[in-house]
Structure formats: C-alpha cells, structure tokens
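Per our numbering, residue 7 is the first one in the sequence shown, and the count goes up by one each step.
Backbone N, C-alpha and C define an ideal beta-carbon position, used for all residues, glycine too.
Take a look at the structure below.
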Amino acid sequence: MKATAVAPANIAFIKFWGKKDASLRIPFNTSISMNLSGAVTTTTVEFSPKYKIDEVTLIDGVFSDTEKERVVEHLDRIRKKAGMNLHARVATKNSFPKSTGIASSASGFAALTVAAAGALGLNLSEKELTILARLGSGSACRSIPDGFVKWKDTFAYSLYPAHYWDLRDILVIVENTAKDVSSSAGHDLASTSPYFSVRLGNLPERIARVEVALKEKDFQKLGEAIEEDSLDMHQVMQTQNPPLMYWNDATKILMDAAISWRKNGLPVYFTIDAGPNVHLICEGKDEEGVVKVLRSRIPLRGTVKEVIINKPAAGTHLIGKHLF
Ligand code: DP6
C-alpha cells in the first residue's frame, strides 16, 4: 500500500480566480494551462497499520500546521473513497520553492492524489483523478492530464499533448520565501472587486482566442491573450477588499523588460500568478535569446534568485522509485 507520483506545476494562460463554491472548489471561470517540465513535486504515500497518526513531511523544508491539515483532509477524502481508515506516511519533495505563486499547491495536490489513489489501488479514470485533485487545490486538477489542459467546472482534460508545441516558460524567481496571503484566501474575496464581473464578461472571448491561437500555433495571438489575462486577474486582485498586491520591484522591472524586448523584435510575453515571480513565455527557438537578454539586464543582478526553464510536460504519473 505504497506508491509514488511525480506531478508538474502548471502555468495558467487563462487564470482561475474566484470560486463559485469554495468548499468544492468550483471555479467561476474556465481556465487553460500548460504543464511545466522543470517545476515538479514528487510524493510517496504509504498506508499502514504501523502509523498511529498521519505523518506528513516535506523533504528540504517544513510544512506549517495548516498545510499539514490540508494534506490530512485530502487523505480523508481518498480514504473515504476506498472505504478504509488506515493512517499514512506522506513524504514530498519540490524541485522549486513552495508558496511563491508557482503553483506548488497544484503539483502538490496532483502528486498526493495520484500517489494516495495508487497506494490504495483505487482504479480511477483520469477524469475522476482530476475531480479528486480539484478538491485539494483547484489548479491541481490541471496538473493531472498531459501537456496543454482545460479545466471547466468540475474536471480537467488535455487539449494537446506536451510535444504539440515547443513553447517555453522561463520562470524567473525573484522571491523564494512564502507569500503572506495564500491564493485560497484571495479567491474568496475576488467578487469584492468591481472589476470581477467585468473580467467574467470578457473571458469567453479571450478563452476562445487562446483556443484558436493554440489550434493555429499562432504565438503572437497566444502571447497577447496570456499577458492580457494576467494583467486582468491582477487588476481584480489589486482592487479586492482588502487589496492583494503580489508584485514587487523586480516583478515590475521584468514586466517592463519583456515589453521592451518585444518592441526590439524578441517575441516574449509575461504572466504572473499569486506571487511576485515572473513567467516569461516564448517559443523554443527564442529560449536562448530570452535567457541572454535576461542575464544582461543589470538592475536584475542580485534580485533574480533562480531561473527555471520549463518545456511543456506530461501530466501526473506513478513512478517506481519511492522517497522512503
Ligand atoms: C493565481 O489553485 O492555488 O495561480 O483552490 O485555493 O488551492 P486553491 O487555489 P489555487 O489558485 C490558483 C490561482 C492562480 C491562477 C491559476 O493558476 O489559474
């Protein structure tokens, strides 16, 4: 009764912000994302009578009590599905810093779901796994299917496999400490922004544009829609009550830089989640160019903690090598 899963984080091209039902994590809007090859979580889960309580550990880090409780609640959901009540040991490892707006909850809950379901021998379809992962963290459902993924209402599915389009997410980490306000708390206040209803009204057209851009592999069309959606979500965040300000000085320097690099002929667009780190989206052919201009940008020296180059990745899967 032991299994290990590897799950990618994902970057949303169309963001999920605001929940119709907070406890079931039903989103107000459809979102579209790409799985990230370089930002992954590995989790081993073992159920056994030898554990008297659920033991939850983060390798190379510490989970807060609230985070541990969220993991235990998710184990309870999966135990209930399997009709058993053994305690578990859970060990998890991230290839990147958690809680800085790079969706550690997405890869974390996707890996936990697939590992726990695997350990209990639950025979769930991919759709069922996305539904279960969503209950742990909304964006986690998008880390289960392969490549480019759409989440609508209760479940997520793959639009295209990872090899469909050679895109890059050059993730620039400018802050690697935990954020003050979790995205879960932020979602609940989205509707206090006067721009929230405006966002929802504009989304169907923008989602359609992203889908056409993906279908036609039209990078400019995709990039413009991605950047527009990120700015739109942050407008909502910043006008919520109380306001949520996730950007810092380095975030703003990078946003301006991407716009000026583009003016100089380098096709690169930015997108930002619930944190200050910046995802620079470009095509594979421009990876080297983006990394080069990034490195030559003097004001950024010292503020950039790490750069992670991501390609589109497969979804969550079981592996044979356990963490304990
Ligand atoms: C800004 O999925 O982390 O990254 O369901 O409360 O865990 P919970 O929220 P979460 O929200 C992600 C918000 C976002 C946008 C996105 O990834 O779509």
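Name the two residues that bound the continuous beta strand (DSSP E) containing Gly-44.
In the sequence shown, counting from the first residue as 1, residue 44 sits at position 38. Element bounds for Gly-44: 37-53.
Residues sharing a beta bridge with Gln-316, DSSP:
Reading the sequence shown from its first residue, position 310 is the one you call residue 316. The amino acid at residue 316 is misidentified as Gln; the sequence shows Asn. Looking at the DSSP output, Asn-316 sits in a beta bridge with Asp-175.
Ser-266 Cβ short of 8 Å to the ligand DP6 heavy atom set:
Here the question's residue 266 lines up with position 260 in the sequence shown. For Ser-266, the distance from the CB to the nearest heavy atom of the ligand DP6 is not below 8 Å.
Contact the segment 12-22 vs the segment 288-296: 3+ CB pairs below 8 Å
Short answer: they don't touch.
Which value, in whole angstroms, describes the spacing of the CA atoms of Ser-43 and Pro-14?
Here the question's residue 43 lines up with position 37 in the sequence shown. Here the question's residue 14 lines up with position 8 in the sequence shown. Ser-43 and Pro-14: Cα-Cα distance of roughly 6 Å.
Given a threshold of 16 other Cβ atoms within 10 Å of its Cβ, counted over all protein chains shown, does Ile-17 qualify as buried or as exposed?
For this step, residue 17 is matched to residue 11 along the sequence shown. Counting of Cβ neighbours within 10 angstroms places Ile-17 among the buried residues, the total reaching 16 or more.
Do Ala-168 and Ala-45 count as a contact pair if the criterion is CB distance below 9 Å?
Numbered from 1 along the sequence shown, position 39 holds the residue referred to as residue 45. Numbered from 1 along the sequence shown, position 162 holds the residue referred to as residue 168. No. Outside cutoff.
Using three-state DSSP, classify Pro-33 as helix, strand or coil.
Within the sequence shown, numbered from 1, the residue matching residue 33 stands at position 27. Residue state, collapsed to three classes: strand.
In terms of residues, what are the limits of the beta strand (DSSP E) holding His-323?
Here residue 323 refers to the residue found at position 317 of the sequence shown. Start and end: 323-325.
Does the ligand DP6 have a heavy atom nearer than 8 Å to the CB of Met-146?
Locating residue 146 in the sequence shown gives position 140, counting from the first residue. The amino acid at residue 146 is misidentified as Met; the sequence shows Ala. The answer is yes for Ala-146.
Less than 9 Å between the C-beta atoms of Arg-205 and Asn-100, yes or no?
Position 199 of the sequence shown, counted from the start, is the residue given in the question as residue 205. Position 94 of the sequence shown, counted from the start, is the residue given in the question as residue 100. No, they are not a contact pair.
Any heavy atom of the ligand DP6 closer than 8 Å to the beta-carbon of Ala-196?
Numbered from 1 along the sequence shown, position 190 holds the residue referred to as residue 196. Flag unset: Cβ of Ala-196 not near the ligand DP6.
C-alpha gap between Trp-253 and Thr-198, whole angstroms
Within the sequence shown, the letter at position 247 stands for residue 253. Within the sequence shown, the letter at position 192 stands for residue 198. Going from the Cα of Trp-253 to the Cα of Thr-198 covers about 20 Å.
Specify, as a first and last residue, the run of the alpha helix (DSSP H) that Glu-222 falls within.
The residue labelled residue 222 in the question sits at position 216 within the sequence shown. Glu-222 -> alpha helix (DSSP H) spans 202-222.
Nearest to Arg-174 by alpha carbon, out of Ala-9, Ser-143, Thr-277 and Ile-59?
Locating residue 174 in the sequence shown gives position 168, counting from the first residue. Check the Cα spacing between Arg-174 and each of Ala-9, Ser-143, Thr-277 and Ile-59: the tightest is with Thr-277.
Take the Cβ of Arg-31 as the centre, count every other Cβ of all protein chains shown within 10 Å, and call the residue buried at 16 or more, exposed below.
For the purposes of this step, residue 31 is taken as residue 25 along the sequence shown, with counting starting at 1. Under this definition Arg-31 is a buried residue.
Closest Cα partner of Glu-307 within the set Asp-292, Ile-259, Ser-113 and Pro-318
Locating residue 307 in the sequence shown gives position 301, where the first residue counts as 1. With the sequence shown as reference, residue 307 is identified as Arg, and Glu is not the correct amino acid for it. That would be Ile-259, whose Cα lies nearest to the Cα of Arg-307.
Taking the DSSP output, what are the residues bridged to Thr-277?
Stepping through the sequence shown from its first residue, residue 277 is reached at position 271. Note: Thr-277 sits in a beta bridge opposite His-285.
Contact defined as beta carbons within less than 8 Å: I believe Lys-122 pairs with Ile-84. What is the distance between those atoms, to the nearest angstrom?
The residue given as residue 122 occupies position 116 in the sequence shown. The residue given as residue 84 occupies position 78 in the sequence shown. The sequence shown places Ala at residue 122, rather than the Lys named in the question. Between Ile-84 and Ala-122 the Cβ distance is about 4 Å, and since that is below 8 Å, they are a contact.
Return the CA-CA distance between Val-313 and Phe-102, expressed in angstroms with no decimal places.
Residue mapping note: residue 313 aligns to position 307 of the sequence shown, counting from 1. Residue mapping note: residue 102 aligns to position 96 of the sequence shown, counting from 1. Using only the alpha carbons, I get a separation of about 10 Å.
Can you tell me whether Ser-70 is buried or exposed? The criterion is at least 16 other CB atoms within 10 Å of its CB, across all chains shown.
Counting from one through the sequence shown, the residue named residue 70 turns up at place 64. With fewer than 16 Cβ atoms within 10 Å of its Cβ, Ser-70 is classed as exposed.
Do Thr-48 and Ile-325 have their C-beta atoms within less than 9 Å of each other?
Within the sequence shown, numbered from 1, the residue matching residue 48 stands at position 42. Within the sequence shown, numbered from 1, the residue matching residue 325 stands at position 319. Contact: yes.
With H, G and I counted as helix, E and B as strand and the rest as coil, what does DSSP make of Lys-58?
What you label residue 58 is simply residue 52 of the sequence shown in a count that begins at 1. Under the three-state reduction of DSSP output, Lys-58 falls in the coil class, being neither helix nor strand.
How many whole angstroms separate the CB atoms of Lys-58 and His-80, which I take to be in contact at a CB cut-off of 8 Å?
Here the question's residue 58 lines up with position 52 in the sequence shown. Here the question's residue 80 lines up with position 74 in the sequence shown. Between the beta-carbon of Lys-58 and that of His-80 there is about 20 Å, and that puts the pair past the 8 Å contact cut.
N-terminal and C-terminal residue of the alpha helix (DSSP H) that Ala-139 is part of:
Against the sequence shown, residue 139 aligns to sequence position 133. Note, Ala-139: alpha helix (DSSP H), 132-142.
Which term fits Gln-246, buried or exposed, when burial requires 16 or more other beta carbons within 10 angstroms of its beta carbon?
Counting from one through the sequence shown, the residue named residue 246 turns up at place 240. Per the 10 Å Cβ criterion, buried.
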